[in-house]
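Student: If you want the numbering used here, it's the position in the sequence shown, counting the first as 1, plus 1. Please find one structure pasted underneath; my questions will follow.
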Amino acid sequence: MIVDAHSHLMWYPDHLDKRYAEAALASKLVKLKRSGGEAYQGKLDLHAYDSLPEEHWKASEPAGKVVVFGLQARHSGIWIPNEIIAHYRDEHPEKIEGWASVDPTQDGYLDEFYHCIETLKLTGLKLGPIYQNIHPQDPRMHPLYAVCQKLGMPIMFHQGTTFPRQAPLKYASPLQIEDIAIQYPELKMIIAHLGHPFEDETVAVIRKQPNVFTDISAVHYRPWRYWDSMVKAVEYGVENKILLASDFPSGTITNVINGLKNINKVVDGTPLPRISDEVIDMIMHENWKSIFPQWASSNKEV
Ligand SMILES: [Zn+2]
């Protein structure tokens, strides 16, 4: 089974403010999104970064299970209500796994988190310290870590760079995940996007911390960097901790799979190392079982 471990619902102007939508548009990201590196065919306007449920559903066709969340980050002009995630999950409960996002800089974020767990039945948490303008070790973060560890809820961290100017890089290092992993040893955490452009830090952290993982969402369109990071991951023996994921709308699961299958193209005809078919197969079909053991007995092959 194909599992997409990271994807989004959001649309302008309900969930993204003008400044964020403009920054997304100005970044190369929108032109690359969904395209696998080809020229972006869609209309380039403030809606170019939208992910509507019907678009998300169509793009998710190759996957058997898809993790979907929003993001709440007042500092960056991003505010996706958790209700839309739960509603979408309720429409497709066999396939969609809804996760929460809360903004620890905002009053009432813990109440909102409990609401997500108890009422909306969301089963994981998305945090983006760089978007939320908060250090991963800020005291406001710890209740979330403690609850997630206690309930066995994984956390997806956007730990790495992004495009909005006001998002502080000082909170973006994957190394900051290590202290959390030591304090909450049973807490499962995923560093999104290989922690780009700090992929070396990500490899170092996931190698040492048994319950920290990473994903390959939205990195295939930088082919040299992607190949280089994956070679490092294999050399350090952490290929079993890399999850398949799209970060839709930044990529589609189809394009991420194509990018993975073509990862060695950039070194074709050279003596440089290659990512083996076994590793590619493991990332596509096996590695998700560490985060979602409850789905491992499902024999649905996609
Ligand atoms: Zn994301």
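In this text, a Cβ means the ideal position worked out from N, Cα and C, and glycines have one as well. Nothing here was measured: the structure is a model prediction, and the numbers come from that model.
Between which two residues does the beta strand (DSSP E) containing LEU152 stretch?
Tutor: Residue mapping note: residue 152 aligns to position 151 of the sequence shown, counting from 1. Careful: LEU152 lies outside any beta strand (DSSP E), inside the alpha helix (DSSP H) at 143-152.
Student: What does the alpha-carbon distance come out to for the pair ARG166 and ASP108?
Tutor: Walking along the sequence shown from the start, residue 166 turns up at place 165. Walking along the sequence shown from the start, residue 108 turns up at place 107. Rounded to whole angstroms, ARG166 to ASP108 spans 25 Å at the Cα level.
Student: Which residue comes first and which comes last in the beta strand (DSSP E) that contains THR106?
Tutor: Against the sequence shown, residue 106 aligns to sequence position 105. Taken as a continuous stretch (DSSP letters only), THR106 belongs to no beta strand (DSSP E), as it is neither H nor E.
Student: Could you check whether ILE135 and PRO175 sit closer than 8 Å to each other, using their CB atoms as the reference points?
Tutor: Here residue 175 corresponds to residue number 174 of the sequence shown, with the count starting at 1. Here residue 135 corresponds to residue number 134 of the sequence shown, with the count starting at 1. No. Outside cutoff.
Student: Within 10 angstroms of the Cβ of GLN184, are there 16 or more other Cβ atoms? Answer buried if so, exposed if not.
Tutor: Locating residue 184 in the sequence shown gives position 183, where the first residue counts as 1. GLN184 is exposed by the Cβ-count criterion.
Student: Taking only the alpha-carbon atoms, compute the straight-line gap between ILE243 and LYS266 and give it to the nearest angstrom.
Tutor: As a position in the sequence shown, residue 243 is number 242, starting the count at 1. As a position in the sequence shown, residue 266 is number 265, starting the count at 1. Using only the alpha carbons, I get a separation of about 20 Å.
Student: Taking three-plus beta-carbon pairs below 8 Å as touching, is the segment 12-25 in contact with the segment 44-54?
Tutor: As far as the Cβ criterion goes, the segment 12-25 touches the segment 44-54, which means the pair count is three or higher.
Student: Among the residues of its own chain, which have a CB less than 6 Å from the CB of GLY78, if the five just before and after it don't count?
Tutor: Stepping through the sequence shown from its first residue, residue 78 is reached at position 77. Correct list, in chain order: ASP18, ARG20 and TYR21.
Student: Let me check one thing: in DSSP terms, what residues is LYS127 bridge-paired to?
Tutor: By 1-based counting over the sequence shown, the position of residue 127 is 126. Beta-bridge pairing links LYS127 to SER102 and MET157.
Student: From the DSSP secondary-structure annotation, give me the bridge partner or partners of MET11.
Tutor: Translated into the one-based positions of the sequence shown, residue 11 becomes position 10. For MET11, which the question treats as bridged, DSSP gives the partners SER52.
Student: Could you check if ASP248 belongs to the surroundings of ligand 1, using beta carbon to heavy atom distance under 7 Å?
Tutor: Locating residue 248 in the sequence shown gives position 247, counting from the first residue. ASP248 Cβ: within cutoff of ligand 1.
Student: Just to check, is the beta-carbon of HIS136 closer than 7 Å to a non-hydrogen atom of ligand 1?
Tutor: Along the sequence shown, read from residue 1 onward, the residue named residue 136 stands at position 135. Flag unset: Cβ of HIS136 not near ligand 1.
Student: Please name the residue, chosen from ALA219, HIS116, VAL4 and GLN295, that lies closest to GLY153 on a Cα-to-Cα basis.
Tutor: For the purposes of this step, residue 153 is taken as residue 152 along the sequence shown, with counting starting at 1. That would be GLN295, whose Cα lies nearest to the Cα of GLY153.
Student: What first and last residue would you give for the alpha helix (DSSP H) that runs through LYS171?
Tutor: Along the sequence shown, read from residue 1 onward, the residue named residue 171 stands at position 170. First-last for LYS171: undefined, no H or E at that position.
Student: Roughly how many whole angstroms lie between the Cα atoms of HIS7 and PRO272?
Tutor: Locating residue 7 in the sequence shown gives position 6, counting from the first residue. Locating residue 272 in the sequence shown gives position 271, counting from the first residue. Spanning the two alpha carbons is a distance of roughly 34 Å.
Student: Could you check if HIS159 belongs to the surroundings of ligand 1, using beta carbon to heavy atom distance under 7 Å?
Tutor: The residue given as residue 159 occupies position 158 in the sequence shown. Within the cutoff, so yes.
Student: If you run the structure through DSSP and keep just helix, strand and coil, what is GLN73?
Tutor: In the sequence shown, residue 73 corresponds to position 72, counting from 1. Of the three classes helix, strand and coil, the one that applies to GLN73 here is strand, per DSSP.
Student: Sorry if obvious, but does the Cβ on ALA193 come closer than 7 Å to a heavy atom of ligand 1?
Tutor: Translated into the one-based positions of the sequence shown, residue 193 becomes position 192. Answer for ALA193: yes, Cβ within range of ligand 1.
Student: I'd like the ranges of any beta strand (DSSP E) spanning at least 3 consecutive residues and lying wholly in the segment 249-299.
Tutor: Counting whole runs of 3 or more residues, the segment 249-299 contains no beta strand (DSSP E) stretch at all.
Student: Would you report the Cα separation of ARG141 and GLY270, rounded to the nearest angstrom?
Tutor: As a position in the sequence shown, residue 141 is number 140, starting the count at 1. As a position in the sequence shown, residue 270 is number 269, starting the count at 1. Near 51 Å, if we compare the C-alpha coordinates of GLY270 and ARG141.
Student: DSSP on LYS189, reduced to helix/strand/coil?
Tutor: Stepping through the sequence shown from its first residue, residue 189 is reached at position 188. Three-state result, LYS189: coil.
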